[in-house]
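To convert a position in the sequence shown, counted from 1, into our numbering, add 304. Here a beta-carbon is modelled for each residue, glycine too, at the ideal position from N, C-alpha and C. Inspection log for the structure reproduced underneath, given as structure tokens.
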Amino acid sequence: MKIELLKGDITQINADAVVNAANSSLLGGGGVDGAIHRAGGQQILEECKKIRNKQGKCKTGEVVVTTAGNLPAKYVIHTVGPIWNNNEEECSELLANCYKNSLKLAESLGVKTISFPNISTGVYGFPKEQAAKIAVREVNNFESEIIEKVIFVCFDEENEEIYKKFLK
Ligand code: AR6
305 MKIELLKGDI TQINADAVVN AANSSLLGGG GVDGAIHRAG GQQILEECKK IRNKQGKCKT
365 GEVVVTTAGN LPAKYVIHTV GPIWNNNEEE CSELLANCYK NSLKLAESLG VKTISFPNIS
425 TGVYGFPKEQ AAKIAVREVN NFESEIIEKV IFVCFDEENE EIYKKFLK
């Protein structure tokens, strides 16, 4: 699997699947979640509501998939990152699950390219260095015959510098 690092808005980047840093309600929010729902359009929220009605909330570390609406992608994989709470071990495991479960689901959908935001490093307050280390480790550990490229999309310069360091 090839790894690419890009700086910018994840809603503008072509990929078969784009991962959303959602919350457990699945009904949208701010940050990257807000940007994805705004750019992707109403269809994404409609599908999220259907999923909510069927299975209830999405647990931390778990994933669900919807259409990508107007985004340059086929799917949005919504995952719920952990809210940082100083229980480093538990938070790290849950964040790792976000990456693992997103990759597994993407693979089952036949996704060749997938883009990830820096899950949990915004409102959810996960320390950026630790989050990047986990993201890179999980992607490197994931062996896939189907997924060809993983794109880490950093919105802020700090995350971009951290990822550059870990991807060297
Ligand atoms: N493209 C790529 N990355 C972005 C974009 C964008 N358009 N906008 C922000 N980021 P956050 P979280 C980066 O707060 O910490 C929402 O309200 C941002 O710089 O979006 O997982 C949800 O509904 C940061 O590095 O997600 C949840 O309630 C990263 O995306 C809650 O926030 C994640 O920041 C989830 O918090």
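Count the other C-beta atoms from every protein chain shown that fall within 10 angstroms of the C-beta of residue i, then say buried if there are 16 or more, exposed otherwise.
{"i": "Pro-386", "result": "buried"}
{"i": "Pro-421", "result": "buried"}
{"i": "Lys-363", "result": "exposed"}
{"i": "Ile-450", "result": "exposed"}
{"i": "Glu-464", "result": "buried"}
{"i": "Asn-389", "result": "exposed"}
{"i": "Ser-329", "result": "exposed"}
Would you say residue i and residue j are within 9 Å of each other, going by their C-beta atoms?
{"i": "Glu-308", "j": "Ile-455", "result": "yes"}
{"i": "Thr-383", "j": "Ala-326", "result": "yes"}
{"i": "Cys-402", "j": "Ser-424", "result": "yes"}
{"i": "Asp-460", "j": "Lys-378", "result": "no"}
{"i": "Thr-315", "j": "Gly-344", "result": "yes"}
{"i": "Gly-373", "j": "Gln-346", "result": "yes"}
{"i": "Val-322", "j": "Leu-399", "result": "no"}
{"i": "Gly-335", "j": "Gly-426", "result": "yes"}
{"i": "Asn-324", "j": "Val-415", "result": "no"}
{"i": "Val-443", "j": "Leu-413", "result": "no"}
{"i": "Lys-432", "j": "Glu-462", "result": "yes"}
{"i": "Met-305", "j": "Phe-470", "result": "no"}
{"i": "Leu-310", "j": "Val-440", "result": "no"}
{"i": "Val-367", "j": "Ser-396", "result": "no"}
With a threshold of 8 Å (Cβ to nearest heavy atom), would residue i be considered close to the ligand AR6?
{"i": "Pro-431", "result": "no"}
{"i": "Val-427", "result": "yes"}
{"i": "Asn-318", "result": "no"}
{"i": "Gly-345", "result": "no"}
{"i": "Phe-470", "result": "no"}
{"i": "Pro-401", "result": "At residue 401 the sequence reads Asn, which differs from the Pro that was named. No, the beta carbon of Asn-401 sits no closer than 8 Å to any heavy atom of the ligand AR6."}
{"i": "Ile-423", "result": "yes"}
{"i": "Val-336", "result": "yes"}
{"i": "Gly-414", "result": "no"}
{"i": "Ile-314", "result": "yes"}
{"i": "Gly-365", "result": "no"}
{"i": "Ala-339", "result": "yes"}
{"i": "Asn-327", "result": "yes"}
{"i": "Val-440", "result": "no"}
{"i": "Cys-395", "result": "no"}
{"i": "Gly-332", "result": "yes"}
Any chance you could list the beta strand (DSSP E) runs of at least 3 consecutive residues sitting entirely within the region 354–379, in chain order? 367–371
Alpha helix (DSSP H) runs contained entirely in the region 372–425, provided each spans 4 or more residues: 392–412
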